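Here the structure comes first, spelled out in C-alpha cells, and everything after it is commentary.
2 protein chains.
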Amino acid sequence: MERHINGVKSSESQALVAEPEKCSPAGSFDVNSSTADEQVAESFIRQAMEIIVDEAVKKATNVQEKVCEWHSPEQLKKLLDLELRDGGEAESEILQRCRDAIRYSVKTSHPRFFNQLYAGMEPYSMVASFIAEAVKTNLYTYEVAPVFTLMEDAVLRKMIKVIGWEEGGDGIFNPGGSLSNMYAVNLARYRYCPDFKEVGMFSAPRLVILTSQECHYSISKGAALMGIGTKNVYTVPTDERGRMIPSALEEKIMLAKSEGAVPFMVNATAGTTVLGAFDPIDEIADICEKHNLWLHVDACWGGAAIMSKKHKHLLKGIHRVDSVAWNPHKMLMASLQCSAFLVRDKTSLLQHCHSARASYLFQQDKFYDVSYDTGDKSVQCSRKPDAFKFWLMWKALGSRELEQRVDRALAMARYLAEEIKKREGFRLVLEVAPVVKQRMMKKGSMMVGYQPLGEKANFFRMVVISPQVSRQDLDFVLNEIHNLGKDL
Amino acid sequence: MERHINGVKSSESQALVAEPEKCSPAGSFDVNSSTADEQVAESFIRQAMEIIVDEAVKKATNVQEKVCEWHSPEQLKKLLDLELRDGGEAESEILQRCRDAIRYSVKTSHPRFFNQLYAGMEPYSMVASFIAEAVKTNLYTYEVAPVFTLMEDAVLRKMIKVIGWEEGGDGIFNPGGSLSNMYAVNLARYRYCPDFKEVGMFSAPRLVILTSQECHYSISKGAALMGIGTKNVYTVPTDERGRMIPSALEEKIMLAKSEGAVPFMVNATAGTTVLGAFDPIDEIADICEKHNLWLHVDACWGGAAIMSKKHKHLLKGIHRVDSVAWNPHKMLMASLQCSAFLVRDKTSLLQHCHSARASYLFQQDKFYDVSYDTGDKSVQCSRKPDAFKFWLMWKALGSRELEQRVDRALAMARYLAEEIKKREGFRLVLEVAPVVKQRMMKKGSMMVGYQPLGEKANFFRMVVISPQVSRQDLDFVLNEIHNLGKDL
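Taken in order, these protein sequences are the chains called A and B.
What the first sequence shows, in the numbering used here, is residues 1 to 488, in sequence order.
What the second sequence shows, in the numbering used here, is residues 1001 to 1488, in sequence order.
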C-alpha cells in the first residue's frame, strides 16, 4: 500500500522516495490509502528533538550564554520570514525555523532570568509536558483520558491534604491562575444564589468582592467578565509590607452593606505579585465567618510555601478557607501551565455550578462509573492534562525535595535582600530602571522586571525561584545593575 | 563548582556520581552554588524522548496496535501507583512511568480513533508544541515572547485574510474554543454597553443571546459564567439537516423584544458538534444587520472548510460577521490546543474590553513599541504560544496541502455515508450503541462516540479528519460495528 504525507512519498515495503510532491494538484489524493508516512514523521521528530535538547535545554540553561538576543519587532520580523504561503517548505528549512524560534526566544530557563514569576528548567515536568503533547489528550472523559483523569485526581487529593482540609474537597486544573481565581468568583456567586446561573443577574442586588489593593489583576478581570463590574471590587488597604489590614477589610464590608450592596466573597492573596506579601488568612477567615462570606486565597505564587515546615506559617489559617488557587508552575517550577483550583466543598458545587450535561460527551448510559468524567466541572470543553506535569515531578523528587526547593528559594531571596542593604547608593540607581532594563536586554546579560508602586519610583522586582540560581548569580545581578546604571 | 539537582550529584569537571542523595535533610543546601545538573537533565530528557518516539509516535499510529488498552478506573489506579510520597524515585522508575502513561492512554493519533473532533498525528505541529514547552514562554509581552508574539500576529492576519475581512481585524489564540466563544459574548456585550465592564449588569435590561438548538454547549456555559443566565440563551429551531432556520431566528428576536428583553448577539455555527451542519451565515447576517445584532460564528469545527475552494461555500457570508472562533486543532490537525478568536473590529475593542493595565507587566515607559504587548487583549494572564503550532505546520505544508486535507477529509466522510446507505440493517444496529461501544473499547479495536439526538435513539457519530485514515479503515469501522453488535 502506498502512503504519502507532507509531500514525501514512500511505500510500506520500500525505502523512502526522496522526491517531494508538495505541489500535487487539488483533488489528486487517493482515498484508497492512508497518506501517513510514519517513517518520515519519525525522522523529522527525531531531528527536531536533537535541536530542542541542544538549543532549548543545554544552551538555554548555560550561564555563559545570553538570556536573550534582543531585536526590535521590525528587525525580528525580517529574521523570521513570517509569511504563510501556498507552497510548503522542505524539512531542512523547517528544522532551521525550529532553531530560529528557539534562538530568538527569551531563555526563561537561564539562571539569570528573574523577569517573571516562573524560572528555571525542570526536566521531569518538561518531559511530562512533551508526553501530554504527543498523546494529544483532552481531559473531559475517563474514556478518552483514563491515565490523566486519575493522575489529576491523585494530585488534587494530595494538594488538598497538604492544605489541611481534613474532610477532603474537590478541584480542577485550569489554563492559568487567572481562570482559577475566576472559578472562585463564580463558585462564591453560585453559593450565594444558584439561580443566577439560569436567570442571570439582571434583577440581583449589587454584588461586591473584597480584595487587597495589592491583589492580582485577574480579580478585576474576572469581575468584568462575569458581569459584576470592576467598580464592585472593593480594594482593602495594606500595611507597609503589602498585607491586607483586617480591620480595614471589616470597614469595607460594612461600607458595602451600608450602600445596600451584597458583599459575597473575600479574596486574600498569599504571595502578592509585586511584593510577595502574604495576607493574614486566619484573621481574615474570622471576619468571613462572622459575615458569612466565601473566602478564597489566591496562592498562585505563594502556595508552594505550604510544602515547607519552615515557611508554612505564612499561610496559617488556610485550612479554614473555601477555595484556593495554587500554581505549581511558579515557585515549584512545573512546566507552563500548571494551575490548580481547589475547593473545600464536598457537595459537588464545582460540577453544579459549571455543568451543561452535553449529551455527546457525558452519556449517562456508559459502561463505567461516570463520576470519573470530570469535564462538566470545567468552564471550558477541551482541557489539557496539566496535572501530569506536577505528578511526574512530584514522583521523581518526592515531597522532601519540593520542600527543599521552597526553602532554598526563600533563603536566596533573603540573601539578596541582605546584600542590597549593604550596598550604598542602590536606591538611587532604581530611579533609572527603564534605562537599565533596556541595556540589560540589548546586552542579553540578564532579565529583571521593573515597575512603580504607589508613590515610589520604578524599582526592580527580583523573582528568585529556581534551584539553578546560585549566590554568584545574585551577586552578578547587583553588580550588573550597578554597572549598567553607573553613568546615569 | 559542585552542582546537584534531583538527587543526582555531579561536578562540572567530573563524571557523574551515581549515588543518589534524595533524602538529604532539609536545610542542607548550599546557596553558594547552583543545584542544576544539566548533564543529568539532558540524559533523562534524551531517554524520555526515545520513549515518546517509540511509544507515542510509532506505536500509537500503527494500525496493527490497539487504539486503547481498556482498564476500569479501579484497575488502572493499581497499575499506575498514583500515590505521591515524601521520597523521590530513581530515573529508571520515572522512565517506566513515562512508558506507562503513554501505554494506558488512548491513542488519539491512531487511524481508528473517530471519537472526538480531533484525530491523527501532525508531526510539524507536534514538534512546535515540544518547542513551546521547552522554551517555557508566556505570551503577554513582546519582551518575554518576541518570537511567538510576532508569529501569533502573522497567523491571525493570515486567517483574517482567508476569512475575507478586507479591512483587516484583530484576534487572539485561546485555550480552547469554549473560551473563544465566550470572548465573542463578552465583546458583543461590551459593544452593546461598555459600562457593564465597570458597573456590572445589576441594573441592565435582560440581555438575550440567540443560537441554534444544535449549537455547542459553550454558549450556555458562557452565558452562565458571564451573569447572563442560561435561560437567556434563546434556541432557534433547525431544519432536518441541523441548520438554523433564518425565519425562526427572526421570530425569536421579535419574541425577546416583545418580552422587553434586549437581544444583543446571534451565534451561528459552522459545523455543529453532532451533525456537522453549517448555519446559513449570509441569511443570518441579513437579519443581524436589520436588528443591529453582533454576529458571531462558532466555526471551531467547520472553519477549516474555508481553506478549500471546493467547500468554502459552506461558510458563504462569513466576511460579513463580527467575530469567528476557529480551531485549527480540529479539522486541520494542529496539536491540542490551537483555537483562534478573530474579530472584524479595528477600534481595539478586544483590548478595551479586557484590559486591566497591570503596571508590573504593561509599563508604558518601555524602550520598544508596546502595541506588541498583547497580554491585555486576554481574559487570562498566562497564555501559551499556541499559534506557533499552526504557524510551523502551515510553513511546512503550505495553504495548498491544508486545502487537500480538508478536501480529503470531506471526501472520506462522503464515502462513509455512501457505504452506510448500501448496508441494510445498519439503522437497527445503532440502537445498541452503548453495548457496541463497550465491546470496541475492551477490544481496543477502534473508538467512535455515540449519543442520542432529539427523539432518535443513540447513534454513532463518526468524525473523519485525519489524512492517516484510508478507505480500508472506514470499511473496518462498518464491519466492526456489524460484528460487535450482530448478536444483540
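A virtual CB, placed ideally from N, CA and C, is assigned to each residue, including glycine.
Since we're looking at a predicted model, the values are computed, not measured.
- Counting the other Cβ atoms within 10 Å of the Cβ of proline 194 of chain A gives fewer than 16, which makes it exposed.
- Residue burial is scored here from C-beta neighbours: methionine 226 of chain A has at least 16 other C-beta atoms within 10 angstroms and is therefore classed as buried.
- In the structure shown, the three-state DSSP call for isoleucine 1228 of chain B is coil.
- One finds Pro1146 in chain B with Cβ atoms closer than 9 Å to the Cβ of histidine 71 of chain A, taken in chain order.
- Here proline 452 of chain A carries a strand assignment [DSSP, helix/strand/coil].
- When C-alpha distances from lysine 58 of chain A are compared across A:Arg46, A:Glu122, A:Lys384 and A:Ala184, the shortest belongs to A:Glu122.
- Within its own chain, the residues whose Cβ lies closer than 6 Å to the Cβ of histidine 1291 of chain B, once the five positions on either side in sequence are excluded, are Ile1253, listed in chain order.
- By the criterion of a C-beta distance shorter than 7 Å, glutamate 283 of chain A is surrounded in its chain by Pro246, once the five residues flanking it on both sides are discounted.
- One Cα belongs to isoleucine 163 of chain A, the other to alanine 134 of chain A, and the distance between them is close to 32 Å.
- Counted as a single uninterrupted DSSP element, the beta strand (DSSP E) harbouring glycine 1171 of chain B occupies residues 1170–1174.
- Contact between arginine 320 of chain A and phenylalanine 278 of chain A does not hold, since the beta-carbon distance rounds to 15 Å and is not under 8 Å.
- Short of 7 Å from the beta carbon of lysine 1316 of chain B, and not among the five residues preceding or following it, lie these beta carbons of its own chain, in chain order: Ile1281 and Asp1282.
- Each residue's CA atom was taken as its position, placing alanine 1261 of chain B and leucine 1207 of chain B some 6 Å apart.
- For serine 382 of chain A, at least one C-beta of chain B is nearer than 8 Å to its own C-beta.
- For tyrosine 183 of chain A, the enclosing alpha helix (DSSP H) covers residues 177–192.
- If you look at alanine 413 of chain A, you'll find it in the alpha helix (DSSP H) that goes 387–422.
- Judged by DSSP in its simplified three-state form, arginine 461 of chain A adopts strand.
- Bridge pairing for proline 263 of chain A: A:Val208 [DSSP].
- Counting only runs of 4+ residues, the alpha helix (DSSP H) found wholly inside the stretch 36–92 of chain A occupies 38–51 and 73–80, in chain order.
- In the DSSP secondary-structure assignment, valine 1233 of chain B is bridged to B:Ile1209.
- Contact annotation, glutamate 69 of chain A with arginine 97 of chain A: C-beta distance approximately 16 Å; criterion of less than 8 Å not satisfied.
- In this structure cysteine 1353 of chain B does not touch glycine 176 of chain A by the C-beta definition: roughly 18 Å separates them, more than the 8 Å allowed.
- Residue state for leucine 361 of chain A is assigned as coil, using DSSP reduced to three classes.
- When secondary structure is reduced to three states using DSSP, aspartate 345 of chain A falls in the coil class, being assigned neither helix nor strand.
- Sequence-distant Cβ neighbours of alanine 1304 of chain B in its own chain, meaning closer than 6 Å and more than five residues away, are Met1331, Leu1332 and Val1406.
- Assigned with DSSP and collapsed to three states, leucine 295 of chain A falls in strand.
- For arginine 1357 of chain B, the closest of B:Thr1273, B:Met1159 and B:Gly1375 by C-alpha to C-alpha distance is B:Gly1375.
- Looking at the DSSP output, tryptophan 1326 of chain B shares a beta bridge with B:Ala1340.
- In terms of beta-carbon proximity, histidine 313 of chain A stays away from the interface with chain B, with every pair separated by 8 Å or more.
- In the structure shown, the three-state DSSP call for methionine 1447 of chain B is strand.
- Within chain A, no C-beta atom comes less than 9 Å from the C-beta of phenylalanine 1459 of chain B; the nearest is roughly 11 Å away.
- Two segments are said to touch when three or more pairs of C-beta atoms, one from each, lie closer than 8 Å; by this definition the stretch 1066–1081 of chain B touches the stretch 144–151 of chain A.
- In the structure shown, the three-state DSSP call for alanine 1356 of chain B is coil.
- By the criterion of at least three beta-carbon pairs nearer than 8 Å, the stretch 229–238 of chain A is not in contact with the stretch 1263–1274 of chain B.
- Following the DSSP letters along the chain, one finds aspartate 153 of chain A inside the alpha helix (DSSP H) bounded by residues 146–163.
- If you draw a straight line from the Cα of valine 67 of chain A to the Cα of serine 308 of chain A, it is about 30 Å long.
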